Structures are given as C-alpha cells and as structure tokens.
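Take a look at the structure set out below.
Number of protein chains: 2
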Amino acid sequence: MTMGNTKPATIYDVAARAGVSKSLVSLVLQRSPRVSEQRRAAVLAAIQELDYRPSTAAVSLAGTRSRTIGVVLDDFRNQWFVDLLTGLREALQDQGHRLVVADRFLNTGLDASPVEGFLSMRVEGLVIAGEPDTDLAIPASTPVVVAGGRAALARADTVANDDLAGGRMAAEHLIELGHVRLGFVGGHSAASDARLEGWRSAIDAAGARAGRTASAGVVGATGAAASTDVTGVAVVLAADVTEETGSAGTHRLLDEHPEVTAVFAANDVTALGAMSAIAERGLRVPEDISVMGYDDTPIAASRYVGLTSIDDRSIDIGRGAGVRLLERIADPGLTPTEVLVEPRLVARRTTAAR
Amino acid sequence: MTMGNTKPATIYDVAARAGVSKSLVSLVLQRSPRVSEQRRAAVLAAIQELDYRPSTAAVSLAGTRSRTIGVVLDDFRNQWFVDLLTGLREALQDQGHRLVVADRFLNTGLDASPVEGFLSMRVEGLVIAGEPDTDLAIPASTPVVVAGGRAALARADTVANDDLAGGRMAAEHLIELGHVRLGFVGGHSAASDARLEGWRSAIDAAGARAGRTASAGVVGATGAAASTDVTGVAVVLAADVTEETGSAGTHRLLDEHPEVTAVFAANDVTALGAMSAIAERGLRVPEDISVMGYDDTPIAASRYVGLTSIDDRSIDIGRGAGVRLLERIADPGLTPTEVLVEPRLVARRTTAAR
DNA sequence: TTGTAGGCGTTATCAA
DNA sequence: TTGATAACGCCTACAA
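Line by line, the protein sequences give chains A and B. If you read the first sequence in our numbering, its first letter stands for residue 1, the second for the next number, and so on. If you read the second sequence in our numbering, its first letter stands for residue 1001, the second for the next number, and so on.
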C-alpha cells in the first residue's frame, strides 16, 4: 500500500490533501459536531490515505491536558497487577485516558524513579500499585491514588483489599472445616500483619462463641488449652513474604507445634513454600494438613496447585482506584479517602475437613 | 520544601532564575561541554530550586528524535517478558533510550493496537515480544525487531531462542537418564512445533548411534520396537499450549502408551498440566514418570514445583534484541538477520534416572 | 461552519 | 561561550 515514506504525515499534510484548514482537521479529530459532513468525510479520507496519526507530543504540548496517567508497579514479577490493570482500564481508558505502566526498575538510569519519568510526561495523575516505596517523591500538586497496599502517603486516596476481613475469612473457613489447631506463616509486610490480625480475631471470636477459652499466641507461647478449643499459633519471620519464608516458617511451626492441622500463609507464594515444607516432612495436603494462601494469583488457580486462597479482587480495586483518581483530578481539593474492598474466599483442593 | 505549586516550571523559569538565556539552559540540559562552570552551576541550582523537569512532549517535538522505544508484549500474564525487559534495559536504556511497555490489551479502546499508540508517540523503534499478532500493522519505515518467537514480519530482525536445540537438549537429558520410551505433549504454536522437531531429531540420533532402529512417531503409530530402542510418541493437540493442553494431552498419551516414562512438555505451564494429569492417575513424579518443561519460568524455579526445564535465556534475547534495534535505527538499510540464542538445561527435581 | 493567528516548552541554527 | 529566533505539530481563541 504505502511506500516506505520516512516522515510521518502532519496535520498540515492532511489539511492540504483534504483542501481545508488545519483547524478544521483538528475539529474533526476532536469529533466536533460543528463540521459539515462533506468536509468531515474529506478529512477522514485524507487521514486514511496519508496514514496520519496525531503526535501525542504535539497534542499534549498544545492542549491543556496530557490525557495520560501513570501506573507505578512495585515489580512486574508480582502478577497481581494484571487484574488491577484491567480494572484501571475500565475506569480510565474509556474516559479517554492513556495508561502508561512502569515498574520500579524500568527506566532506572534515566530517571531516579519511575515517578520522575511520569512527571516529565506531565501525567494528569498517578496510580501507585502496592506498597509504595517511601522515597518516591511526588509533588503535592499531582493527584495520586494508592491501589492495594496501605497509604504511605497521607495525602493520597487509597483503595485496597480488606486484609483484616480476609484474614478473618481464612480462619473461619478452616474452623468450619473442623480444624482447631491453626497455624499462620507470614513475614515482614503491612499486608501480612493485617491478615494475621484478622485471622487472630476470628480465632478469638470462635472461642468466645463456644464459651470456652480460645487463645492465639505466638510460637513459644505456653498454655495448654483443652483439646476442643480453637487455638492459633503464628510464625512471623523478619523477612519478606516469599516462598522461602513460607517454607522456613512452616518447618518451624510444625517443629514446635506438630498438632497443627491447617496453615494459613500470608500470600500464595508463601503458601507454596508451606506446601513444599509439608511435603518435605512426608505429610500430605490436604489429608494431613490444609493450606491456604492469599491473593488468588494464577499459581493458586493453576490446576496443578489448586490452592485455596483469598481473592483480593484486584479488578475491583483497579476500577475503584481509577474512578477515584478521576474524581481527584476533577477536584484536587478532595479530602483523601480510604476504600476497602471486601475479599472473597476461593476454596480449592488444599483445604479439607478433618 | 516546595509549596504545592500548580504549574510545572519551564525552561524559561529556570533561565530567569539563573539569569541566563533559555538556550544556555538547554545546553546545560544536554550536558554540553561548551558551558562555563559558573553558568552551569547557576543553572543547575535553579533547576533544583524550581524542581524543574523538562517536558518530554516538548523535547520530542522540538528535537529530532523521541529517544523512546516501544515494547509490545503479547500478554502481561506471560512472565517471560520480565527477564526480556532486563536485557532490553541493559542495551537500550543505557544509551539514553526510554522504554515504554504495553501488552496487547493495555490501551485497547483508545488505539486499535498497542503499535498505534507507539506510532503516535513517534517511537524510534519497536520491539515485538513473542509471537507477533499478524494484524499489527507496522509501517515499513519503523525499525522493528522481534524478540522471542519467529518473525511473522519478513523485514524484521529476529532474536530468539533456538527451540530446535532446546528440544534436542530435552530429549538428550532424558535419554541420558536412561529413559527409552519418551513422550511429548504440545499444542498449536510455532515454538511447540520447533521444540517437538528438535526432540524428534535427538531421538533419531540416539537410535542411529546405538546402531538400532529408532523411531519417533505420533500417537496411533504402529510398530513395536525392541525394548531397548529409544522411541518417542508425541501428542499435539489443536489448541493453545496451556495447562489444560498439558493435562488432556498427557492423559491421552498415557492412555495409549502406558510404557512412557518421561514426558517433555512444550512449555512450563503445559508441564504443570502434565504433572497434574500424572498425579490424577496415581503416579508420582519423578519416581514413575519424569517431566520436563520449557522456558524456565518462575513457576518452574519455584521450590514447590522444582520443574526441570530448558532456560530460553530471555535476558540474553533482550540484550541481543536491544543491540540489534540500535543498529537498525542507525542504519535502516540493514538486511534483516535472525539470531538464535542457545538455550540451557536446568535440571531440577522432576526428572530422575530410571 | 470554516479560516487566521498565537502559543505550548524545547531544540536547533545562526550570530554575536 | 552565550543569546536571539525560527521551527516542531497541534490546540484554541477569535474572526470571518
């Protein structure tokens, strides 16, 4: 079709080809209704023929808004952003906003942080996904919403999964299945802490309901409860929540508390670690020990793993974050809010009644 | 520090603050050596104080080059791009190029394809990661290199993993372990085909070496070979290579050829499917059946899975693709080349001697 | 409904 | 070594 021309067509070329002024072309581009059908058709035809595409640089320079919003991911390896993006797309893209994605490392060496790059692009707003690095300096004038992860930025809106509720759901699921000796394995992160707290509160509540003494201690805690009491034991390592943490933590948990029949891990990868530790001890999942994760990542959903998990509903978080960002862009004076999305239990093959 | 000013500082503001002309500021920005230390210091100070950041829009509009290159991923869910990006970064970013990433879906609704968006940004080059969709129309004037995946674009350079060699390595590994009844499970993709072909050729070669008749047929093929001959049976489903494919294919493979003791799957996810099928049949990995995957994804490396796999060396592919893109940008007249990166065997726990 | 004339924030080209 | 001044490609009044 087109020969390998070198210079991209400009609005001038289109105008000339269609026999109109550049302004008219601009109007057509912006879908203005105040253009005669004739001219519009001519312009559209010219655009086709010239394979014209407006320069985003020129558009955002000349226009009042860049129509682009930046998404900062903590790490491309954390798959949870995939669903988040879906939700963000729904909320933002359909409003004509362009999404640009970067993780913490993408353009290091050019910019100090991905935020720098976005500010240079004059993004209209920022979505910080996950636990924001403390040192990503964002000017107060830039609308920001933190999606997933607690707000390190006081001025930012937050849309996140309700980790407390999720932790509670995990414990309740296990208790309903008849488990009374529960274990938790987590590490160093705000999310892990919150999930543990929720898990504990559910155990306490179960004890209260039964009119007995329930207790949730940490490894090393003494006190032998009656055999039908629901009790919980937590191992929280001073390390990131990873597969290694899950493995090491579970080994320690089972060494000190062999009576445990159900393990709740701070997230899916950690749960994977727990499962390998359990296998290494010659035990089976879920026959001997039930295992739960958190986040409902693709690995959990995998047929091979089939991990019972808590769905943090990333899509809804993304959608909520997008909507909120739009509101804040429209009115920067808004008071920061914190929205919690209710998680959801996804039961699979790693948990069973005992 | 800075008050929540609304408008970002411009080069004019900096010039005024430093008491110099805009041109001088521009020179400092471009690290020109033809600037007195005094002025430079003054400008730098002003930049600091004003929290100035050049507008990428203005830069690419006024400059001759956009200094950005676009990376098109087939799908953010395919984790292999993570390493690819690392390689690309090494090659491109350090040369002052900005990377912008998009998957097939990111800005759908705004642009017909991610390529559209990149062309609007006037990227200097494109990296197509994975099997390019046939319909991503790229003007002949845009430098392109396909990273991983066969070139659907004749005019594009290709840097990819040597699937043929990888398939061969897989078979050789299994044969060395003493397996003589080999199975392959794959699906509909160029990569799967090539890996199968390599696997077959290694089986044939093993037979030739042994001076016996070796055969590699497909399911349904007749011919009972002597018990010490190395033979291969392949199940190639007319579907994408997914976990389901791996599971269904493996069931079929073992139904028709229960003598198989080692399964090579077209990729890691498929291998996961194979492992679940094997488990469903009450068999163990690797005691009863060895399993291999391809790509060496994080799942394979996971402690829980420990899948023996073929590392496609994505980092090196990324680096190679970046280097080549730079060359092509410098000289668009170059004849397209195809570089194959030698894969690497990563032995883990799913393969064992028999 | 359509066209004219600035201007957006930089780089690039010339002079000085 | 510095400083005017014209592009760059588009949007946005303002006029016609």
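Ideal placement from N, C-alpha and C gives every residue a C-beta, glycine not left out. This structure is a prediction, so every number in the text was calculated from the model and none was measured.
Fill in: DSSP three-state assignment for S1032(B), whether helix, strand or coil
Three-state result, S1032(B): coil.
Discussion item. Using beta carbons (cut-off 9 angstroms, strictly below), is S309(A) in contact with chain B?
Written reply: Output row for S309(A): interface = no.
Discussion item. Output needed for P336(A): all residues of its chain with C-beta closer than 8 angstroms, excluding positions within five of it in sequence on either side, in chain order.
Written reply: Sequence-distant partners of P336(A) (beyond 5 residues in either direction) whose C-beta falls short of 8 angstroms from its own C-beta, in its chain, are A151, A154, R155, A156, D157, T158.
Fill in: CB-CB length for V1284(B) against D1311(B), believed under 8 angstroms
Sequence check: residue 1284(B) is Arg here, not Val. Not quite, the Cβ-Cβ distance comes to about 25 angstroms (not below 8 angstroms), so this is no contact.
Discussion item. Using DSSP's beta-bridge definition, name the partner residues of T308(A).
Written reply: Beta-bridge pairing links T308(A) to M292(A).
Item to complete: Grab the span of the alpha helix (DSSP H) containing F1081(B) for me, first residue to last.
Response: Unbroken alpha helix (DSSP H) run through F1081(B): 1081-1092.
Worksheet entry | Boundaries of the alpha helix (DSSP H) in which F1118(B) is found, first to last residue | Taken as a continuous stretch (DSSP letters only), the alpha helix (DSSP H) holding F1118(B) covers 1114-1120.
Worksheet item: Could you check where the alpha helix (DSSP H) with A1274(B) kicks off and where it finishes?
Response: For A1274(B), the enclosing alpha helix (DSSP H) has its first and last residue at 1268-1280.
Worksheet item: Taking 9 angstroms as the CB-CB limit, is S1247(B) close to chain A?
Response: Among the residues facing chain A, S1247(B) is included, as its CB has a counterpart in that chain under 9 angstroms away.
Discussion item. Here's a check: name, in chain order, each residue in its chain whose Cβ is nearer than 8 angstroms to the Cβ of V115(A), leaving out the five neighbours to either side.
Written reply: Once the five neighbours on either side are set aside, the close Cβ partners of V115(A) are G70, V72, L126, L136, A137, I138.
Worksheet entry | 9 angstroms Cβ cutoff met for R1168(B) and V1233(B) | Judged by beta-carbon spacing, V1233(B) lies beyond the 9 angstroms limit of R1168(B), meaning their Cβ atoms are not closer than that value.
Worksheet entry | Buried or exposed (CB count within 10 angstroms, at least 16 for buried), I1052(B) | It is worth fixing the name first, because residue 1052(B) is Tyr in this sequence and not Ile. The Cβ neighbour count for Y1052(B), taken over all protein chains shown within 10 Å, is at least 16; the residue is labelled buried.
Practice prompt. Taking only beta carbons into account, state which residues of the segment 103-121 of chain A come closer than 9 angstroms to chain B, listed in chain order.
Written response: Flagged, chain order: D103, F105, L106, N107, T108, G109, L110, D111, E116, G117, L119, S120, M121.
Discussion item. Would N1107(B) and R98(A) be called neighbours here (beta carbons separated by less than 9 angstroms)?
Written reply: Yes; because the gap between Cβ atoms is below 9 angstroms, this pair is in contact.
Worksheet item: In the structure shown, what three-state DSSP assignment does V1025(B) receive?
Response: In the structure shown, V1025(B) sits in a helix (DSSP, three-state: H, G or I).
Worksheet item: Which residues in the same chain as L1088(B) place their Cβ atom closer than 7 angstroms to its Cβ, once the five residues preceding and following it in sequence are excluded?
Response: Counting only Cβ-Cβ distances below 7 angstroms, and skipping sequence neighbours, we find V1071, L1099, V1127, G1318, A1321, G1322.
Worksheet item: Is G1198(B) near G1246(B), with beta carbons less than 9 angstroms apart?
Response: For G1198(B) and G1246(B), no; Cβs fall outside 9 angstroms.
Discussion item. Counting only Cβ pairs nearer than 7 angstroms, list the residues of chain A close to I1299(B).
Written reply: Going along chain A in sequence order, the residues near I1299(B) (Cβ under 7 angstroms) are I299.
Fill in: chain A within 9 angstroms of A1135(B), Cβ atoms only
One point to set straight first is that residue 1135(B) is Asp, not Ala, in the sequence displayed. No, D1135(B) does not count as interfacial toward chain A.
Item to complete: For D268(A), return the contacting residues in chain B, with the cut-off set at a CB-CB distance below 8 angstroms.
Response: Under the 8 angstroms cutoff, chain B gives no residues; its nearest Cβ is about 11 angstroms from D268(A).
Worksheet item: Which bits of chain B does E243(A) rub up against, with CB to CB less than 9 angstroms?
Response: By Cβ distance, chain B contributes S1302, R1303, Y1304.
Worksheet item: Nearest chain B C-beta to M292(A) closer than 9 angstroms, yes or no?
Response: No, M292(A) does not count as interfacial toward chain B.
Item to complete: Within its chain, find whatever has a CB closer than 8 angstroms to the CB of A1352(B); leave out the 5 residues flanking it on each side and keep chain order.
Response: Here the set comprises L1177, P1286, E1287, S1290.
Fill in: Beta-carbon neighbours of V101(A), restricted to chain B and to distances below 8 angstroms
For V101(A), the C-beta contacts it makes with chain B under 8 angstroms involve V1101, A1102, L1106, in order along the chain.
Worksheet entry | Boundaries (first-last residue) of the alpha helix (DSSP H) holding A967(B) | Not covered by the structure: residue 967(B). The range shown for chain B is 1001 to 1354.
Worksheet item: Tell me which same chain residues have a C-beta within less than 8 angstroms of the C-beta of L1174(B), skipping the five on either side of it?
Response: Within its own chain, the residues whose Cβ lies closer than 8 angstroms to the Cβ of L1174(B), once the five positions on either side in sequence are excluded, are L1182, A1262, F1264, S1290, M1292, T1351, listed in chain order.
Worksheet entry | Buried/exposed call for Q1095(B), threshold 16 Cβ in 10 Å | So Q1095(B) counts as exposed.
Item to complete: Could you say which of A202(A), V346(A), L254(A), A15(A) lies nearest to A301(A) if we only look at CA atoms?
Response: Nearest C-alpha to A301(A): V346(A).
Fill in: Rounded C-alpha distance that separates G1282(B) from A208(A)
Straight across, the Cα-Cα distance linking G1282(B) with A208(A) is about 43 angstroms.
Discussion item. So the candidates are P258(A), E259(A), T297(A); which of them puts its Cα closest to the Cα of A271(A)?
Written reply: It is T297(A) whose Cα lies nearest to the Cα of A271(A).
Fill in: A225(A) in three-state terms, based on DSSP
Model confidence at A225(A) stands at a pLDDT of 45, short of 50, so the residue's coordinates are unreliable and nothing is read from them.
Worksheet item: Cβ of P1143(B) less than 9 angstroms from any chain A Cβ?
Response: Chain A contact via Cβ: absent.
Discussion item. I want to verify the contact list: residues of chain B whose CB lies under 8 angstroms from the CB of T6(A), in sequence order.
Written reply: The contact set of T6(A) on chain B, defined by CB atoms closer than 8 angstroms, consists of S1141 in chain order.
Worksheet entry | DSSP bridge partner residues for E1338(B) (one or two, in chain order) | The partner list for E1338(B) (beta bridge, DSSP) reads T1158(B).
Worksheet item: Applying the criterion that 16 or more other CB atoms from any shown protein chain within 10 Å of the CB defines a buried residue, is R1303(B) buried or exposed?
Response: With a threshold of 16 other beta carbon atoms within 10 Å, R1303(B) meets it and is buried.
Fill in: Buried or exposed by the 16-neighbour rule on C-beta atoms within 10 Å, applied to S955(B)
The shown model of chain B, from 1001 to 1354, leaves out residue 955(B), and the question about it has no answer.
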